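Written out below as structure tokens is the structure these notes cover.
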Amino acid sequence: MSTQNKAKLVREISGTNPSKCMKCGKCSATCPSFDEMDIKPHQFVSYVQKGDIEALANSKSLWKCLSCFACVERCPRDVQPGRIIDAARQIVVRQRGGNYLTADEIPALLDEELPQQLLVSAYRRYKR
Amino acid sequence: MSVNEEFRPKIVAFCCNWCSYAGADLAGSSRLAYPADVKIIRVPCSCRVNPMFILRAFEKGADGVILCGCHPGDCHYSTGNYYARRRMTLLFSMLDFMGVENGRTRVEWVSAAEGVKFSTVMNDFVEKIRSLGENVRLGDLRCKN
Amino acid sequence: MQRIGVFVCHCGSNIAATVDVHKVVELARLEPGVVHAEDYQYMCSEAGQAKIGAAIKEHQLTGLVVCSCSPRMHEATFRKCAQKYGLNPYMVEIANIREHCSWIHKDMQEATEKAVILARAAIAKVNLNTPLQAGESRVTKRALVIGGGIAGIQTALDIADAGYEVDIVEKTPSIGGRMSQLDKTFPTLDCSACILTPKMVDAAGHEKIKIYTYSEVEKVSGFVGDFTVDIRKKARSVDADKCTGCGVCQEKCPSKKTLSEFNRGLGTRSAIYTPFAQAIPNVPVIDRDACIKFKTGKCGVCEKVCQAGAINYAQQDEIITEKYGAIVVATGFDTIKLDKYDEYAYSQSKDVITSLELERVMNAAGPTKGHLERLSDGKAPKEIVFIQCVGSRCSDDRGKPYCSKICCMYTAKHAMLIRDKYPDVNVTVFYIDVRTPGKNFDEFYRRAVEEYGVNYIKGQVGKVAPQPDGSLLVQGVDLLDNKQIKMKADMVVLATAIEPNQGVRNIATMLTASIDTNNFLTEAHPKLRPVESPTAGVFLSGVCQGPKDIPETVSQAGAAAVKVIGLLAKDKLTTNPCTAKADELLCNGCSNCAKVCPYGAITYETCLVNDHGIREERRIAKVNNALCQGCGACTVTCPSGAMDLQGFSNKQLLAEVDAICR
Amino acid sequence: MQELKARALELLKNGTVQRVLGWRIGENTYDPEPAFFDSEEAMKDFVYNNFCAANLSKYMIEACKLEGKTLVCLKPCDSYSFNQLLSEHRIDREKAYIIGVGCKGKLSIEKVSQAGVKGILSVTDTDPLQVTTLYGDTTVAYKDAMLSRCHVCKGKDHVVYDELIGESEDTVDADRFAEVAAIEAMSPEEKFAFFQAELSKCIRCNACRNVCPACSCRKCVFDSNKFDSTQKANVDSFEEKMFHIIRAFHVAGRCTDCGECSRVCPQGIPLHLFNRKFIKDINNLYGEYQAGADVEAKGPLTSFTTEDAEPSVVSQGGIR
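Residue numbers (the working numbering), protein chains in the order written: chain A, 3 to 130; chain B, 41 to 185; chain C, 663 to 1324; chain D, 89 to 408.
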């Protein structure tokens, strides 16, 4: 997939419009995982605008985002960086393939070690 | 009529006095050409244009009718173009519903400062009408000369 | 049948070089109604106009068609010319063969053909023209200003200084408005009260100004030059003529626990009160919801202590009906409610305050007597954080989409004042952009940074969390360092978005003045008529039209006053004769036309109608010619075609359509 | 029916109302007609059966000009028309005494013949209909004899009334906009051919206009010289289209979709399609709107929002 197509896909999956961003940084100010991220939440938007999804996909941030959606909640411009990173993550996950589970497969896969956040994240994403 | 046999459509453009008519004036003073097929009728506001005027134009042999007004929010009378927008949307939809080619009618918002836009819009509209050809579906045969 | 003369202008070579003017003359002669046609070099010149005059006389013309430049250019010229030679000015139509023809077409044959068609359309229209008379309406030489803040006061003073009577209607017990709540003003740091109070005194003492405080506009009817307004003067329970303003009643009043509106709820006031010491009029009001006498019937302390005998518990609301020629809306603003911004902990901590509350805290007459202290524990803060754009520039449903405009500057002012008075206090400002367009504004902001050491951080605050030790944990971001910041603060000040005053929508409805989605009143034209409302005779002053600071408000207030004076200086108003008119035999009285009229110009009357022998009472639409601006929205709404627009009638426009499509 | 008649008679006798607006029995069960009754004598001919389809609200315009109150019988769907007229000040609520009459879907004799029954001599309004014909007796299912409009019934509730007599039923069993959607799906050529075929049947008898409660202008534009559109001799040209487009446009946002136009058209032109197309567009673009549901509501063509769709939506795939 071309970089432009990927950027378009991110927009589509996230349903947000990066051009609305006024670069206030409230997302980064809000983010509980800020310090562990290499690309900061407020930067997600400019990566999508520039079409550099590759960098986003290879970033640590992709896996550090807790999907707590505080940035989504507080973004004054309705840009919702949390959904953008979520979308980038989905693209990566999809490329790996075989990533879709049916509901009955889940109980067998659950184990003590499974991070709670993952479940929370999944619930948040799929409740939509 | 012009010497060549090229199709010359009859096009009526209703322009509101405050924005679009002035935009057409600006297109003129800027010498921005558009085909002579377009004839402008001045109305105080786009909301003055009755669907009957448009249907009458078609009945009398017009091939295209375009309505130009101030941009939404900029109406000289503050709300006129909002009413015009609803009326024309419904009228055009009805014409489309009855099988009239939907390119024959158009609404464009042109401000007094948009001489270039006026000219571009008219060029584009005339081209569209030329591609659609003569209006047969809405014309009244008795009105043909 | 009309006797029409057609006059084709060469406009030097502007028209004649591309349009065969002789051909136009020749073909125009063949059109119905045309009895004369000629061409000339410059029709608009004196000689050209004389030719038109001569032709009117010689051929007894009843209508003119001038084929020339745009009517926007010379329609007025030719109308005057027609009038000069005894013809009704509205019997003139222009065929625009320059801007719409010769200037945009190169081919002479094509341009000539089009010019002929345009002439034909104009001729077809003139055939149906009827003489129109511009009407006249009288002007009541008195203005009403709604709102007694700095905008209203300034407008009233300027109008009154020009010699016209002005009434100010203010809903609170005193004039003064928001400006009276401010401590200092940017960028000069002079004290707000020191510059406002003299103006309030001037207004109160002006022989041409009458002030109705604790009053509201209840009903507006009429139109430009002739409005009738009902003003509700709410019962003060104090006789203003007897009250000496000694203040003893307020001192002795046992009910002292009501939150003070003037101090933004940070302090309390008595049930009988004046909002602030310099209030005008200096006559207290009894807040009947808080007064023990009104609640239980027992008390009456104020009555006992009042030596002037001014207390009157039985006082009733009074309705005053007055006529005005012009109305100025100066209803001002308030800060938005912060209940949707939980992340800033405004409702959780007393130490998170809005900037307007800070003004009261900093003010010597405020709840802390001007000492900068935490409202929770009265301690002096060491670390203060300012957050910009709280609720401004938000496209979600929590805030406002616009920039509130004044916050950057007043925050710089607050930061500077704090650093000046309390050099040991650290001040941090989180900003998105610092917007300082204005005279000496950027210099002011730079002084805050450079001379006063205010710490400006580009980035927003995501969260303010009250800590167990009473401090506030502020979590923000520094976008330039790309670092998240977690800092402790003792106080947080929110630059809260401003919005038009709550009551403005109601007032706009009464005035049929239009209002935008943010409740700001709409201008007649955003650039060229910024202080007029689209409704004739209604003018805009101050923040009710859009966010602005004090100097802007004062200049706009003056501009609105000039427009009012211009209107009141006239004895009579000439009305546009191209107005809508209902045919009483066709009107259904269905009210649909009134629903689309932006000016409230259409009313309904029950009339006795004689319809071909049937005499009956019918509900008929009546257009007020002084209000109607001639847009024509009503004509299309009318299914029976009863409503028509003079000068652009259905038949005239159809005749043009027919002529073009012929 | 008997309860309704008795009550009407009672109100007439005690002077509450001066006249009754209802239906008069015709030659057959299936052809009752609207009528005013002003005496006990006249009331003998009063009838209310399942063939009483006519919407009586429009007659109230004239009735309101008369002395005293008029008792009017309104079916649930007629009450919307009444309300719409009320909102346009064409009738006076004070001069009407409304009995909301029960309706379980109205029948049409045309539907009976369309069901293949020939030589009808008499018919009942029962379920099923018992039909006597030249060729013997037969039955027709109630649903099969119901007017098309009743298959897209607006519901069993009256939106305005003084008292209710009789039970009503919601008879909806079809998608109200299915016919419109089917035409929308056609190609322009098919659409044009369809309407050409339908509208060329028009004989300009004006029945649609005369029956329509929204077409209540004192004088129609097509009868006045205001638009130079006076009715001319019928020709096979654009004129019928112009008439029907303008008629639909004039009632757009005001039409309650009562379906009387199609019911009375002697040529069987599906005129309600025009109105319903506008209603569908209005619902899609400006939010669900039912004319007559709320007397105070602003109609969709006398209001707007700043975010309304542009007319170009039509050429960008149309309003579906």
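All residues carry an ideal CB built from backbone N, CA and C; glycine is no exception. Here the structure is a predicted model, which means the values were calculated and not measured.
Secondary structure of residue i, DSSP reduced to three states
{"i": "ILE756/C", "result": "strand"}
{"i": "THR5/A", "result": "helix"}
{"i": "ASN322/D", "result": "Because ASN322/D sits at a pLDDT of 48, beneath the cut-off of 50, its placement in the model cannot be relied upon, and the point is left open."}
{"i": "ALA255/D", "result": "A quick correction: the sequence has Glu, not Ala, at residue 255/D. Coil."}
{"i": "VAL43/B", "result": "In this prediction, VAL43/B has a pLDDT of 43, which is less than 50 and means its spatial position is unreliable; what the coordinates show is noted afterwards. It is coil, neither helix nor strand."}
{"i": "PRO1128/C", "result": "strand"}
{"i": "ILE954/C", "result": "helix"}
{"i": "ASN944/C", "result": "coil"}
{"i": "ASN1088/C", "result": "strand"}
{"i": "HIS698/C", "result": "strand"}
{"i": "GLU980/C", "result": "strand"}
{"i": "ASP119/D", "result": "coil"}
{"i": "ARG182/B", "result": "Low confidence applies to ARG182/B: its pLDDT is 45, below 50, so where it sits in the model is not reliable, and the reading given next is rough at best. Looking at ARG182/B - three-state DSSP - the assignment turns out to be helix."}
{"i": "GLY1199/C", "result": "coil"}
{"i": "GLU114/A", "result": "coil"}
{"i": "GLY155/B", "result": "helix"}
{"i": "LEU921/C", "result": "strand"}
{"i": "VAL886/C", "result": "coil"}
{"i": "TRP472/D", "result": "This structure cannot speak to residue 472/D, because chain D is shown only from 89 to 408."}
{"i": "PHE54/B", "result": "strand"}
{"i": "TRP65/A", "result": "helix"}
{"i": "GLY380/D", "result": "coil"}
{"i": "CYS671/C", "result": "strand"}
{"i": "THR227/D", "result": "strand"}
{"i": "ASP136/B", "result": "helix"}
Under 7 angstroms by beta carbon: chain A residues contacting residue i
{"i": "GLU1375/C", "result": "For residue 1375/C there is no data in the structure shown, the boundaries of chain C being 663 and 1324."}
{"i": "ASN1117/C", "result": "None at all; the shortest Cβ gap to chain A is about 16 angstroms."}
Contact under 8 angstroms by Cβ, residue i with residue j
{"i": "ALA1175/C", "j": "THR1197/C", "result": "yes"}
{"i": "ALA781/C", "j": "CYS729/C", "result": "yes"}
{"i": "MET1172/C", "j": "VAL879/C", "result": "yes"}
{"i": "LEU252/D", "j": "GLY188/D", "result": "yes"}
{"i": "ILE766/C", "j": "ALA53/B", "result": "no"}
{"i": "VAL686/C", "j": "VAL788/C", "result": "no"}
{"i": "TYR147/D", "j": "LEU92/D", "result": "no"}
{"i": "CYS70/A", "j": "LYS28/A", "result": "no"}
{"i": "GLY409/D", "j": "ASN171/D", "result": "Residue 409/D is absent from the model: chain D starts at 89 and stops at 408."}
{"i": "THR993/C", "j": "ASN1163/C", "result": "yes"}
{"i": "PHE47/B", "j": "ILE271/D", "result": "no"}
Contact set between residue i and chain D, taken where Cβ atoms lie within less than 8 angstroms
{"i": "VAL105/B", "result": "Correct list: empty, because the minimum Cβ distance to chain D is about 12 angstroms."}
is_contact[residue i, chain G] using C-beta, thresh 8 angstroms
{"i": "SER312/D", "result": "In the structure shown, chain G does not exist; the protein chains are A, B, C and D."}
Check: residue i C-beta below 7 angstroms from any heavy atom of the ligand MG
{"i": "VAL228/D", "result": "Among the components modelled here there is no ligand, and therefore nothing to report on the ligand MG."}
Partner residues on chain C for residue i, Cβ-Cβ distance less than 8 angstroms
{"i": "LYS153/D", "result": "GLU1278"}
Under 7 angstroms by beta carbon: chain C residues contacting residue i
{"i": "VAL161/B", "result": "In chain order: nothing, as chain C lies at least about 13 angstroms away."}
{"i": "ARG178/D", "result": "ASN1250, CYS1252"}
Cβ separation of residue i and residue j, assumed to be a contact under 8 angstroms, to the nearest whole Å
{"i": "SER86/B", "j": "GLY155/B", "result": "At roughly 18 angstroms, the Cβ-Cβ gap does not stay under 8 angstroms, so SER86/B and GLY155/B are not in contact."}
{"i": "GLN1146/C", "j": "SER30/A", "result": "6 angstroms"}
Within chain B, the residues that residue i reaches when beta carbons sit closer than 9 angstroms
{"i": "SER350/D", "result": "Under the 9 angstroms cutoff, chain B gives no residues; its nearest Cβ is about 16 angstroms from SER350/D."}
Sufficient close CB pairs (3 or more, under 8 angstroms) joining the region 705-715 of chain C to the region 170-180 of chain B: no
Could you tell me whether the region 90-107 of chain B touches the region 794-802 of chain C, using the rule of 3 or more Cβ pairs below 8 angstroms? no
Closer than 8 angstroms is the cut-off here; do at least three beta carbon pairs connect the region 860-872 of chain C with the region 906-918 of chain C? no
The region 1052-1061 of chain C / the region 819-832 of chain C touching (three or more Cβ pairs under 8 angstroms): no
Would the region 976-987 of chain C count as touching the region 913-930 of chain C if we require 3 or more Cβ pairs under 8 angstroms? Here the region 976-987 of chain C does not lie against the region 913-930 of chain C, with fewer than 3 beta-carbon pairs under 8 angstroms apart.
May I ask you to verify whether the region 932-946 of chain C touches the region 860-867 of chain C, counting CB pairs closer than 8 angstroms and requiring at least 3? yes
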